[in-house]
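Below is one structure, written out as structure tokens; the observations come after it.
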Amino acid sequence: MTKQVVVIGGGVVGVCTAYFLAEAGHDVAVIERHQNVAHEASFANAGIVAPGYVTPWAAPGMPRKILSSLFSSEAPVLLKPSTDRTLWRWMRRWVAECDLERYRINTTRMQRIAFYSRELLHQLRETYEIDYEQTEGVLQLFRTEQEMKLAEPALELLAEYEVMHQLVDPETARLIEPSLSTKTKLAGALHLPQDHAGNCPLFAKRLRHVASSMGVQFHFSSTVRSIEQESGQVWINIDDNRFAADAVVLAAGIDSVSLLKSIGITVPMYPVKGYSATAAIKNFDQAPHAALLDETYNVAITRLGGRVRVSGTAELGADTTQMNQAALRTLVKVGADWFPDAANYATANFWCGVRPMLPDGPPLLGATPVRNVYLNIGHGNSGWEMAAGSGKVLSDIISGRSPDIDLDGLTLARYG
53 MTKQVVVIGG
63 GVVGVCTAYF
73 LAEAGHDVAV
83 IERHQNVAHE
93 ASFANAGIVA
103 PGYVTPWAAP
113 GMPRKILSSL
123 FSSEAPVLLK
133 PSTDRTLWRW
143 MRRWVAECDL
153 ERYRINTTRM
163 QRIAFYSREL
173 LHQLRETYEI
183 DYEQTEGVLQ
193 LFRTEQEMKL
203 AEPALELLAE
213 YEVMHQLVDP
223 ETARLIEPSL
233 STKTKLAGAL
243 HLPQDHAGNC
253 PLFAKRLRHV
263 ASSMGVQFHF
273 SSTVRSIEQE
283 SGQVWINIDD
293 NRFAADAVVL
303 AAGIDSVSLL
313 KSIGITVPMY
323 PVKGYSATAA
333 IKNFDQAPHA
343 ALLDETYNVA
353 ITRLGGRVRV
363 SGTAELGADT
373 TQMNQAALRT
383 LVKVGADWFP
393 DAANYATANF
403 WCGVRPMLPD
413 GPPLLGATPV
423 RNVYLNIGHG
433 NSGWEMAAGS
443 GKVLSDIISG
453 RSPDIDLDGL
463 TLARYG
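Numbers in my numbering are just positions in the sequence shown, counted from 1, shifted up by 52.
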């Protein structure tokens, strides 16, 4: 049965949702407040697609790591002093999820959707010959033996789920990535050869054209003020107009929180700012070939055509788009530590954006207590890695089909 479905949000998650809904035969419209797709959390993220690396931010050892870095000039996490009760409630829930057993449960849930998503992403890439500046392989760098020890739970999960990986010594790491600096201390590295990285907004824009050719209508510069239910339909208030639809999918990132409140639903999602620096490569023989992750600073380095992008850090308690200089210093330091002659990081194009984070990590997918209102939110910094799979899941649910994966722990029921 064909339905009129509105997707609120034009990030990579919303675009993938619209595509799979159109593929299933529905009439689809995407409402986006910016002038194009992928203009917020999707815009300048790291671009890494590594399902085996997809783990919750709430991990054993993370609270101590954050506390130890609070007064450092370069730090993976920045906590702005705040009296915001919402932040501290979220932090209490997050700390509780840093337990080892909770970490294993949440990681399993996230990786279930991430591996499914990677499979679908490969299918989309091959079917439509989408080039999004992808590179193959991901290398996670450990500066200290202590970091390698803290990574043991994640490595155990990789082995348990038979994910191809190899823990390598510094010499082997530099054979995999020859331009890696020898001056920065390296205790070891984790190589994930089946994973890759790519330009997320470029992919979203190219999939948007595919979706448009299938009949999806994209409405830009349009802001959804609230949603309502009336007479078996969902009504959407867009600016000064009101429209009806058979179903609505919320994929609007952090803006979904206020929209859900308009229909009486509360979710523990909090805006965490992330940063990136994108610089033109000046010495191609000194630039990275693929994607890397610095475990100490939770920063990723990716090669995007003729540019190198350094992405990461997390800032809590910040309520503006003003850039934090400590975060920018961290990005510049990490880029210069590993690939000092590849680019001039200090003159890079800097960006910050909000990631919609849930305290436990997995996204929220599927139905809500309000009939015909569905969720595709809370992917945190893994939206690119989960977008295709999440979109297909939503399409299946709205179409009355059973999703290909188990949704246990991925729905609103886990907060019930």
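Backbone N, C-alpha and C define an ideal beta-carbon position, used for all residues, glycine too.
Residues that residue i bridges to, as DSSP identifies them
i: T318; result: T318 pairs with nothing; no bridge assigned.
i: R359; result: A332, L356
i: W476; result: Nothing about residue 476 can be reported from this structure: the residues present for the chain run from 53 to 468 only.
i: Y426; result: V301, A419
i: Y327; result: G364, C404
i: G240; result: F194
i: Q374; result: The partner list for Q374 (beta bridge, DSSP) is empty, contrary to what the question assumes.
i: Q218; result: H243
i: A25; result: Nothing can be reported for residue 25, as the shown portion of the chain is limited to 53 through 468.
i: I100; result: A249
i: V351; result: D346, G364
Residue i versus residue j - alpha carbon distance
i: M53; j: D79; result: 11 Å
i: A203; j: G432; result: 20 Å
i: T420; j: V301; result: 10 Å
i: K334; j: N396; result: 8 Å
i: N428; j: T382; result: 31 Å
i: I449; j: L464; result: 14 Å
i: D151; j: H174; result: 34 Å
i: P340; j: G77; result: 42 Å
i: T196; j: E178; result: 39 Å
i: D136; j: G267; result: 44 Å
i: A111; j: E214; result: 21 Å
i: S274; j: N293; result: 10 Å
i: A332; j: Q338; result: 12 Å
i: A394; j: L242; result: 22 Å
i: V147; j: P115; result: 7 Å
i: V64; j: R141; result: 29 Å
i: A366; j: V324; result: 6 Å
i: G443; j: Y71; result: 8 Å
i: V319; j: G62; result: 21 Å
i: E212; j: G104; result: 11 Å
i: K190; j: E229; result: Strictly speaking, residue 190 in this sequence is Val, with Lys absent from that position. Rounded to whole angstroms, V190 to E229 spans 10 Å at the Cα level.
i: D221; j: L232; result: 13 Å
i: G387; j: A297; result: 47 Å
i: Y184; j: A249; result: 9 Å
Residue i classed as buried or exposed, judged by whether at least 16 other C-beta atoms fall within 10 angstroms
i: Q374; result: exposed
i: P414; result: buried
i: N401; result: exposed
i: A398; result: exposed
i: H217; result: buried
i: A460; result: Here residue 460 is Asp; the residue named in the question, Ala, does not match the sequence. So D460 counts as exposed.
i: N158; result: buried
i: K235; result: exposed
i: S283; result: exposed
i: R453; result: exposed
i: E223; result: exposed
i: G316; result: exposed
i: E355; result: In the sequence on display, residue 355 carries Arg and not Glu. R355 comes out buried.
i: F336; result: exposed
i: E181; result: exposed
i: E126; result: buried
i: R144; result: exposed
i: T474; result: The structure shown does not extend to residue 474, since the chain spans only 53 to 468, so no value can be given for it.
Segment limits, alpha helix (DSSP H) that includes residue i
i: E437; result: 435 to 450
i: I157; result: 152 to 180
i: L202; result: 197 to 202
i: Y71; result: 64 to 75
i: I228; result: 222 to 228
i: L345; result: That residue, L345, is in no alpha helix (DSSP H); its beta strand (DSSP E) goes 343 to 346.
i: R145; result: 137 to 148
Limits of the beta strand (DSSP E) - the one that residue i falls within
i: G418; result: 416 to 419
i: D79; result: 79 to 83
i: F194; result: 187 to 194
i: M409; result: 401 to 409
i: Q56; result: 56 to 60
i: L131; result: 129 to 131
Residue i beta carbon near the ligand GDP (any heavy atom closer than 7 Å)
i: T348; result: The ligand GDP is not among the ligands present in this structure, which contains no ligands whatsoever.
(request) Scan the region 245 to 323 and note each continuous beta strand (DSSP E) run of 3 residues or more that stays entirely inside, going in chain order. (result) Within the region 245 to 323, the complete beta strand (DSSP E) runs of at least 3 residues are 269 to 271, 276 to 282, 285 to 290, 293 to 297, 299 to 302.
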